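>
Protein chains: 2
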Amino acid sequence: MSEMAQDETLFTLEDVASRAGVSRMTVSRVLNNRGGASEETQRRIRQAARELNYRPNAMARSLKSRRSSIIGVIVPDISNPFFPEIFRGAESVAQASGYTLILSNVVESADREAEVLEKLLAQQVDGIIWCSARMEDAALKKALAPTKSVVLVNRESDPELASSVTVDYALGARLAVDHLTEIGLRQIGLIAGPDWSFGAVERIRGVQKAMEARGLAPVDMVNCDPTIQGGETAAASMLAKHDSIDGLICYNDLTAIGALQAARNLELDVPKDLALIGFDDIDLAQLVTPTITSLGVERYEIGRAAMKLLLKQIDGQETEQKIVLHPKLMMRGSTLKTVV
Amino acid sequence: MSEMAQDETLFTLEDVASRAGVSRMTVSRVLNNRGGASEETQRRIRQAARELNYRPNAMARSLKSRRSSIIGVIVPDISNPFFPEIFRGAESVAQASGYTLILSNVVESADREAEVLEKLLAQQVDGIIWCSARMEDAALKKALAPTKSVVLVNRESDPELASSVTVDYALGARLAVDHLTEIGLRQIGLIAGPDWSFGAVERIRGVQKAMEARGLAPVDMVNCDPTIQGGETAAASMLAKHDSIDGLICYNDLTAIGALQAARNLELDVPKDLALIGFDDIDLAQLVTPTITSLGVERYEIGRAAMKLLLKQIDGQETEQKIVLHPKLMMRGSTLKTVV
DNA sequence: CTGAAAGCGCTAACAC
DNA sequence: GTGTTAGCGCTTTCAG
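Chains A and B, in that order, are what the protein sequence lines are.
Positions 28 to 367 (the working numbering) are the ones given, in order, by the first sequence.
Positions 28 to 367 (the working numbering) are the ones given, in order, by the second sequence.
Dropping the structure here:
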């Protein structure tokens with residue numbers, strides 16, 4: 028007859044109430060710190076609750092109160108090091124406000140995005156943070172319609188339907204171009220990432236504009252998967268075609284690392300023969316040799332900002348429609364200034 | 028008067044029922060594909076549901092059915108590349124069975140583990156996958172008591188309280204020792220990782236046993252943080268003390284990479300002067316030079332296995348108490364066989 | 001200060 | 001085939 032683990036049963040308000048000799052209502056009030064009971068009664072109630080190991084049933088509460096205190100987070104791929112930190116940032120804010128997070132991984136598929144959204148709505152989430160990568164604008168807009176509070180990350184839509192937290196990739200692109208030109212490079216290629224990516228499009232436009240402003244243009248540009256393998260393949264083919272290229276701006280750090288491998292295979296020295304610059308500033312960028320220069324965003328901050336914005340919205344406060352974060356140039360070995 | 032987005036309202040079974048001119052029950056039966064209505068009625072009901080964009084309220088259903096179809100996943104740190112893949116594996120199975128996952132990040136803190144568990148129980152989760160890293164055995168056991176279905180990952184407890192999915196680290200250690208001795212090394216050191224780690228203890232025991240079986244013993248052994256920095260510091264001090272050492276078995280790939288840096292600083296050539304072997308087979312192991320030989324586990328498989336086990340348990344099936352996965356030796360550059 | 005009544009949205013069990 | 005009754009655990013409203 029051990030003291031522990033004999034409570035297979037789940038106790039309810041009713042149980043606590045009868046044990047304390049009061050009504051459910053009184054227990055409810057006390058346990059939610061809404062007063063409404065004498066000191067003595069409160070004591071008895073709390074003790075009864077403790078003895079029974081009472082745990083309020085969040086579902087029942089939600090059903091009645093019409094607030095689930097659950098927030099959905101949709102990411103394309105949690106294995107991509109970009110997203111765990113966003114999640115952590117979002118979680119840190121959510122937790123402090125008593126919210127619980129459902130994480131939905133969407134494996135880079137637009138269909139799954141729609142499916143997962145339905146599920147979250149059925150689950151009565153109070154809001155959604157949506158890192159939508161694959162869904163087309165029109166479909167996204169339609170999906171957003173039946174939705175209460177949504178914050179989009181890394182993407183925008185009709186501001187009436189959802190606010191957003193984005194990164195100024197065009198600025199990042201300009202910083203990249205500035206940096207490469209400042210260290211004397213002119214023959215710049217673009218490993219552009221997937222053509223369906225919102226961010227990719229912005230980076231391309233940003234690079235083109237920045238180069239134009241200096242009377243330059245990209246030597247070449249190819250799309251690729253946002254992976255190491257994708258970067259390697261793309262860079263290999265580009266470098267084979269244009270041996271004049273002295274700098275590559277890559278979609279992200281993974282593709283930059285792929286490009287690094289491609290350069291090695293061609294016996295090109297990075298940064299002497301070829302400079303590389305990536306985006307995202309993932310940990311890996313500092314762990315390869317040479318280290319990769321990158322345009323970093325504080326991903327944890329993205330998550331925090333998105334969740335703060337969302338909670339304000341849920342709260343019914345008037346909020347800004349969009350937040351734009353600025354990337355910072357992290358100079359590293361792959362673009363070391365060559366001695367002029 | 029656009030057709031879209033005018034449905035701020037949430038419709039209920041009642042709404043669908045009255046629109047279709049039947050009772051709630053009939054709607055419920057039809058929408059849950061439990062028959063009980065004529066073809067014609069079914070058609071009317073489905074149409075009404077579609078017109079109203081009816082979405083069943085999962086909370087209400089859970090309250091009634093006493094099954095939330097939600098599963099909690101507790102990880103120490105989702106930013107650690109070890110865990111996202113476990114999550115993905117678990118999700119792939121859960122999704123196929125209609126479960127939704129709450130992810131709780133516990134930032135490597137035992138207190139947070141307990142807190143998060145409470146929250147999940149209040150949320151009425153049907154089960155929990157718990158990658159518990161920090162909580163002490165006694166506390167874990169106590170925490171497990173009020174719990175229905177839990178699968179522990181990378182750790183065990185009282186099998187009455189929770190089943191588990193673990194990795195046979197002792198086997199991994201043996202494979203490491205075998206490999207190093209086969210390529211002719213005898214002076215083996217052990218970079219042992221954190222002393223609070225379940226896996227670290229198993230690896231140490233495994234190495235010692237395997238070496239004993241060959242009439243050998245580790246030259247030295249030091250604990251360290253499970254990070255690159257930790258590995259570097261530990262390896263530097265060990266190599267300074269024993270210049271006879273020709274092979275290091277490291278807690279994980281990160282510490283192995285740290286050791287690699289330490290070796291470089293001492294102008295030792297890897298693998299010629301010193302062989303290195305890590306655990307986990309993270310992506311990084313293939314991205315450094317030389318590439319790191321490692322004992323790999325299929326993390327995605329861990330997640331899948333854990334979720335399968337959990338769902339069976341929830342289902343009331345008799346299940347095995349523990350599943351043990353076997354690491355595989357991934358031979359790479361850091362232990363290249365020297366010409367004999 | 002405390003409690004009774006009513007109902008959140010859904011579904012099992014039993015009628016008709 | 002279809003509807004009625006009852007109730008999951010909680011809280012809002014309003015009386016005592």
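By construction, the Cβ of each residue, glycine as well, lies at the ideal position given by its N, Cα and C atoms.
Here the structure is a predicted model, which is why all the values come from computation and not from measurement.
Would you kindly check if the distance between the Cβ of residue 63(A) and the Cβ of residue 56(A) is under 8 angstroms?
Numbered from its first residue, the first sequence carries residue 56(A) at position 29. Numbered from its first residue, the first sequence carries residue 63(A) at position 36. Cβ distance < 8 angstroms, so residue 56(A) and residue 63(A) count as in contact.
> DSSP three-state call for residue 180(B): helix, strand or coil?
Taking the first residue of the second sequence as 1, we reach residue 180(B) at position 153. Residue state, collapsed to three classes: strand.
> Which chain A residues are close to residue 86(B), counting only those with a beta carbon under 7 angstroms from its beta carbon?
By one-based count along the second sequence, residue 86(B) stands at place 59. Correct list: 86, 89, 90, 95, 151.
> Hey, quick one: how far does the alpha helix (DSSP H) through residue 72(B) stretch, first residue to last?
Position 45 of the second sequence holds residue 72(B). Looking at the DSSP string, the run of the alpha helix (DSSP H) that includes residue 72(B) is 66-79.
> Identify every run of the alpha helix (DSSP H) within the region 174-230 of chain A, keeping only runs that are complete inside it and at least 4 residues long; order them along the chain.
Counting whole runs of 4 or more residues, the region 174-230 of chain A contains the alpha helix (DSSP H) stretches 196-209.
> State yes or no: is the C-beta of residue 133(A) within less than 8 angstroms of the C-beta of residue 101(A)?
Numbered from 1 along the first sequence, position 106 holds the residue referred to as residue 133(A). Numbered from 1 along the first sequence, position 74 holds the residue referred to as residue 101(A). Taking 8 angstroms as the Cβ cut-off, residue 133(A) and residue 101(A) qualify as a contacting pair.
> Give me the Cα-Cα distance between residue 366(B) and residue 298(B), rounded to the nearest whole angstrom.
Taking the second sequence and counting its residues from 1, the one referred to as residue 366(B) is at position 339. Taking the second sequence and counting its residues from 1, the one referred to as residue 298(B) is at position 271. In this prediction, residue 366(B) scores a pLDDT of 48, lower than 50, which makes its location untrustworthy; no coordinate-derived value is stated.
> Does the structure place the region 213-223 of chain A close enough to the region 181-196 of chain A that three or more beta carbon pairs sit under 8 angstroms?
Counting Cβ pairs under 8 angstroms, fewer than three are found: no touch.
> Does the region 291-305 of chain A touch the region 329-347 of chain A, meaning 3 or more C-beta pairs lie closer than 8 angstroms?
Too few Cβ pairs lie closer than 8 angstroms, so no.
> Relative to the C-alpha of residue 37(B), which residue among 59(B), 73(B), 83(B) is closest?
Stepping through the second sequence from its first residue, residue 37(B) is reached at position 10. Checked all of 59(B), 73(B), 83(B); the closest Cα to residue 37(B) is 83(B).
> Using the three-state DSSP reduction, which class does residue 323(A) fall into: helix, strand or coil?
To locate residue 323(A), count along the first sequence from 1; it is residue 296. Three-state result, residue 323(A): strand.
> List the residues of chain A whose Cβ lies closer than 7 angstroms to the Cβ of residue 127(B), in chain order.
Locating residue 127(B) in the second sequence gives position 100, where the first residue counts as 1. The contacting residues are 129, 146, 150.
> Just the Cα atoms here: how many angstroms apart are residue 33(B) and residue 78(B)?
Working through the second sequence from its first residue, we reach residue 33(B) at position 6. Working through the second sequence from its first residue, we reach residue 78(B) at position 51. Below a pLDDT of 50, predicted positions are generally treated as unreliable, and residue 33(B), at 37, falls in that range; no measurement from the model is reported.
> Ignore the nearest five residues each way along the sequence and tell me which others in residue 163(B)'s own chain have a CB closer than 8 angstroms to its CB.
What you label residue 163(B) is simply residue 136 of the second sequence in a count that begins at 1. Once the five neighbours on either side are set aside, the close Cβ partners of residue 163(B) are 137.
> Taking DSSP as the reference, what is the three-state secondary structure of residue 310(A)?
Here residue 310(A) is taken as the residue at index 283 of the first sequence, counted from 1. Helix at residue 310(A).
> Counting only the same chain and skipping the five closest in sequence on each side, list residues whose C-beta sits under 8 angstroms from that of residue 269(B).
By 1-based counting over the second sequence, the position of residue 269(B) is 242. Excluding residues within five positions, the ones whose Cβ falls inside 8 angstroms are 214, 216, 246, 247.
> According to DSSP, simplified to helix, strand and coil, what is residue 133(B)?
Within the second sequence, numbered from 1, the residue matching residue 133(B) stands at position 106. If DSSP states are grouped into helix, strand and coil, residue 133(B) belongs with coil.
> Run through chain B and tell me which residues come within less than 8 angstroms of residue 298(A), C-beta to C-beta.
Residue 298(A) sits at position 271 when you count from the first residue of the first sequence. Simply none; closest approach about 16 angstroms.
> Hey, is residue 105(A)'s beta-carbon within less than 8 angstroms of any beta-carbon in chain B?
If you number the first sequence from 1, residue 105(A) lands on position 78. At least one chain B Cβ lies under 8 angstroms of residue 105(A).
> Within 8 angstroms, do at least three Cβ pairs link the region 276-295 of chain A to the region 217-227 of chain A?
Yes, they touch.
> So, is residue 316(B) buried or exposed, given that buried needs 16 or more other C-beta atoms within 10 angstroms?
Taking the first residue of the second sequence as position 1, residue 316(B) is located at position 289. Label assigned to residue 316(B): exposed.
> So what's residue 37(A) in DSSP terms, helix, strand or just coil?
The count along the first sequence starts at 1 and reaches residue 37(A) at position 10. Reduced to three states, the DSSP call for residue 37(A) is coil.
> Residues of the region 307-332 of chain A in Cβ contact with chain B at a cutoff of 8 angstroms, in chain order, please.
Flagged, chain order: 311, 314, 315, 316.
> I believe residue 202(B) touches residue 362(B) by the beta-carbon criterion, under 8 angstroms. Please report the beta-carbon distance rounded to the nearest angstrom.
The residue labelled residue 202(B) in the question sits at position 175 within the second sequence. The residue labelled residue 362(B) in the question sits at position 335 within the second sequence. About 12 angstroms separates the two Cβ atoms, so there is no contact after all.
> When you compare each of 310(A), 125(A), 228(A) to residue 160(A) by their alpha carbons, which one comes out closest?
Within the first sequence, the letter at position 133 stands for residue 160(A). The residue with the shortest Cα to Cα distance from residue 160(A) is 228(A).
> Kindly list the residues whose CB is nearer than 7 angstroms to the CB of residue 54(A), restricted to its own chain and excluding five residues on each side of it in sequence; keep chain order.
Counting from 1 along the first sequence, the entry for residue 54(A) is found at position 27. Excluding positions up to five away in sequence, the list reads 40, 43, 44, 47, 72.
> Would you kindly work out how many angstroms separate the C-alpha atoms of residue 51(A) and residue 76(A), rounded to a whole number?
As a first step, residue 51(A) must be located in the first sequence, where it is residue number 24. As a first step, residue 76(A) must be located in the first sequence, where it is residue number 49. Taking the straight line joining both Cα atoms gives about 12 angstroms.
> Sorted by chain position, which residues of the same chain lie with C-beta nearer than 7 angstroms to residue 181(B)'s C-beta, five sequence neighbours on each side aside?
By 1-based counting over the second sequence, the position of residue 181(B) is 154. Around residue 181(B): 158, 193, 194, 225, 226.
> Check whether the Cβ atoms of residue 336(A) and residue 178(A) lie closer than 8 angstroms to each other.
In the first sequence, residue 336(A) corresponds to position 309, counting from 1. In the first sequence, residue 178(A) corresponds to position 151, counting from 1. Taking 8 angstroms as the Cβ cut-off, residue 336(A) and residue 178(A) qualify as a contacting pair.
> For residue 315(B), list the residues DSSP reports as bridge partners.
For this step, residue 315(B) is matched to residue 288 along the second sequence. Residue 315(B) is not bridged to any residue.
> Under 8 angstroms, do residue 249(B) and residue 200(B) count as touching if we go by C-beta distance?
In the second sequence, the residue the question calls residue 249(B) occupies position 222. In the second sequence, the residue the question calls residue 200(B) occupies position 173. No. Outside cutoff.
> Could you tell me the alpha carbon to alpha carbon distance between residue 341(A) and residue 353(B), rounded to whole angstroms?
Sequence index remark: in the first sequence, residue 341(A) carries index 314 (1-based). Sequence index remark: in the second sequence, residue 353(B) carries index 326 (1-based). Spanning the two alpha carbons is a distance of roughly 47 angstroms.
> List the residues of chain B whose Cβ lies closer than 9 angstroms to the Cβ of residue 163(A), in chain order.
Along the first sequence, one-based indexing puts residue 163(A) at 136. The contacting residues do not exist; residue 163(A) stays about 16 angstroms from chain B at best.
> Who are the Cβ neighbours of residue 188(A) in its own chain at under 8 angstroms, not counting the five residues just before and after it?
Position 161 of the first sequence, counting from 1, holds the residue named residue 188(A). So the qualifying residues of the chain are 168, 171, 172, 174, 177.
> For residue 112(A), go through chain B and note every residue whose CB falls closer than 7 angstroms to its CB, in chain order.
Numbered from its first residue, the first sequence carries residue 112(A) at position 85. Within 7 angstroms Cβ-Cβ: 106.
> Relative to the alpha-carbon of residue 272(A), which residue among 290(A), 333(A), 260(A) has its alpha-carbon at the smallest distance?
Sequence index remark: in the first sequence, residue 272(A) carries index 245 (1-based). Comparing Cα positions, the closest option is 290(A).
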